[in-house]
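Chains as they are written, first to last, in my numbering: chain Y, 38 to 279; chain C, 16 to 262.
The C-beta atom is built at its ideal place from N, Cα and C for all residues, glycine as well.
Contents: one structure, followed by commentary.
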């Protein structure tokens, strides 16, 4: 008990008190009290990405927040139910639009509040963008595959949407990066997908043609590759200085 | 020299925001003055490595921000407060400062103490666990300053840092600037001449994208002797230099 008594009640206490740096003690206490508890997901991501900052930036993604994930899961569930009820592969038709919207709203001015500050950080904005895009794509793929499995869609259709999803996601991202507007990017991605679905309906008589016709895969992949190249070029910092 | 700019030009389409600026700055507090639209923010954003120059050369902390590896090293040692501070409304002050400490790649073990120190230095200790959406404009500004100084930056760039601060907070903030400026280069962009007079040893004045004056605050004051408009000597020097540049 004596150890906790302040003042000159203990031998040598005057010198002891003079040596105590109260500011340092307070900072130590404050650091403990204000310290945020990192959850298991963030710790795992930090180890996987080898960067606690990148892990934190990933978990701050607007389209990876819990409400967005719940909404995405709900749309996929509704799509699965509609597929079972109507026979039309709604999961495959919805997946590219959901992924395109999520990726369009992943990062950029107007979407990420601290975008300007993020542009001056050691963890580069390009890495943040890449990590967020891959995470959203992986989550939407998992949700889509789960919904496809639930709705027992034919194998060709169950996986056919992965390629158009890549193209729509790439287009939404590229347009968002080039125009610096998430809304324009999402509109471009979902607009292109709507045209593809309606075009499939007009040409083949059923909307599933947009995900099941194999001759469309090459154009989808070409769009995805061009968009990826565009994003890489636009997010690269040119060497202009000394 | 921590900042070396040579013939720096930045254009946005046809508009030239910064026009052939040459600037050198070592440790100390450097004031960047000028009317609205003079190019101060563009110059600061270039030094913060947010945008690249259209032409000219930039060296920061002895490194070339055009090279990926060197730019990363610069950013680890950089503190930046933008004019329009974006923030996550659901973050607390401590979470906000911690977020940027991590993005600056500070060692994870050093982050909690650095966050606490930065928050304490800007006088937000009593609101450290408050959500940012509950703070006043002045408090948000101080949270922004805390994230800028959390990594003990060697180069600190502040764009209108005193906007929204009350007079007492501004006095405290100037003391903080002087303290940081003892070991680092602090560049403060402002149109408040009294902030520069109180805190800065060196000052530059921009007009229409060009640097029209660079020297000490005493030298700027002397330019206003006998002419210039304003209530304070430094204001008269500021207005006299601007009038000459515009003539």
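Under the Cβ distance rule, residue 71 of chain Y counts among the residues neighbouring chain C, one pair being separated by less than 7 Å. Non-local beta-carbon contacts of residue 138 of chain Y in its own chain, meaning distances under 8 Å to residues more than five positions away in sequence, involve 100, 209, 223, 226 and 227 in chain order. With respect to residue 186 of chain C, residue 46 of chain C sits apart: the two C-beta atoms are not nearer than 7 Å. Contacts between residue 64 of chain Y and chain C, judged by CB atoms closer than 8 Å, involve 128, 131, 132 and 135 in chain order. Judged by DSSP in its simplified three-state form, residue 148 of chain Y adopts coil rather than helix or strand. A Cβ-Cβ separation of about 5 Å places residue 141 of chain Y in contact with residue 213 of chain Y under the 8 Å criterion. It is roughly 53 Å from the alpha-carbon of residue 120 of chain C to the alpha-carbon of residue 239 of chain Y. Rounded to the nearest angstrom, the gap between the Cα atoms of residue 92 of chain Y and residue 58 of chain C is 31 Å. Rounded to whole angstroms, residue 162 of chain Y and residue 172 of chain Y show a C-alpha spacing of 15 Å.
Secondary structure at residue 146 of chain C: strand, using DSSP grouped into helix, strand and coil. Within chain C, the residues placing a beta-carbon under 8 Å from that of residue 155 of chain Y are 118, ordered along the chain.
Counting along the chain, residue 166 of chain Y sits inside the alpha helix (DSSP H) bounded by residues 162 to 188. In the structure shown, the three-state DSSP call for residue 95 of chain C is strand. The C-alpha of residue 116 of chain Y is placed about 44 Å away from the C-alpha of residue 162 of chain C. A Cβ-Cβ distance of about 5 Å is found for the pair residue 136 of chain Y and residue 206 of chain Y, placing them in contact under the 8 Å criterion.
Interface flag for residue 195 of chain C against chain Y is unset, since no Cβ pair is found closer than 7 Å. Taken atom to atom, the span from the alpha-carbon of residue 84 of chain Y to that of residue 267 of chain Y is near 30 Å. Beta bridge pairing from DSSP links residue 45 of chain C with C:202 and C:217. Rounded to whole angstroms, residue 107 of chain C and residue 256 of chain Y show a C-alpha spacing of 47 Å.
For residue 104 of chain Y, the nearest beta carbon of chain C is not closer than 7 Å to its own beta carbon. Neighbourhood of residue 115 of chain C in chain Y, by CB distance below 9 Å: 90, 151, 154, 155 and 158, in chain order. Per DSSP, residue 126 of chain C lies in no beta strand (DSSP E); the unbroken alpha helix (DSSP H) holding it starts and ends at 126 to 136. Taking a contact to require three or more Cβ pairs closer than 8 Å, the region 65 to 76 of chain Y and the region 122 to 133 of chain C qualify as touching. Buried is the label assigned to residue 120 of chain Y, since at least 16 other Cβ atoms lie within 10 Å of its Cβ. The beta-carbon distance between residue 222 of chain C and residue 260 of chain C, rounded to whole angstroms, is 5 Å. This is short enough to meet the 8 Å contact definition. For the region 212 to 236 of chain C, no residue has a beta-carbon sitting nearer than 9 Å to a beta-carbon of chain Y. With contacts defined as CB atoms closer than 7 Å, residue 66 of chain C and residue 75 of chain C fail to qualify as a contacting pair.
Residue 249 of chain C carries a helical assignment under DSSP once its states are collapsed to helix, strand and coil. Spanning the alpha carbons of residue 244 of chain C and residue 54 of chain C requires a straight line of approximately 23 Å. Contacts between residue 93 of chain Y and chain C, judged by CB atoms closer than 7 Å, involve 114 and 117 in chain order. In this structure, residue 133 of chain Y sits away from residue 245 of chain Y, with a CB-CB distance that is not shorter than 7 Å. For the set Y:177, Y:259, Y:148 and Y:232, the Cα lying nearest the Cα of residue 218 of chain Y is the one of Y:148.
Nearest to residue 234 of chain Y by alpha-carbon distance, out of Y:113, Y:201 and Y:188, is Y:201. Residue 201 of chain C is outside the set of residues whose beta carbon lies under 7 Å from a beta carbon in chain Y. Secondary structure at residue 125 of chain Y: coil, using DSSP grouped into helix, strand and coil. Counting only residues of its own chain and dropping the five nearest sequence neighbours on each side, residue 175 of chain C has a CB closer than 7 Å to the CB of 98, 204 and 205.
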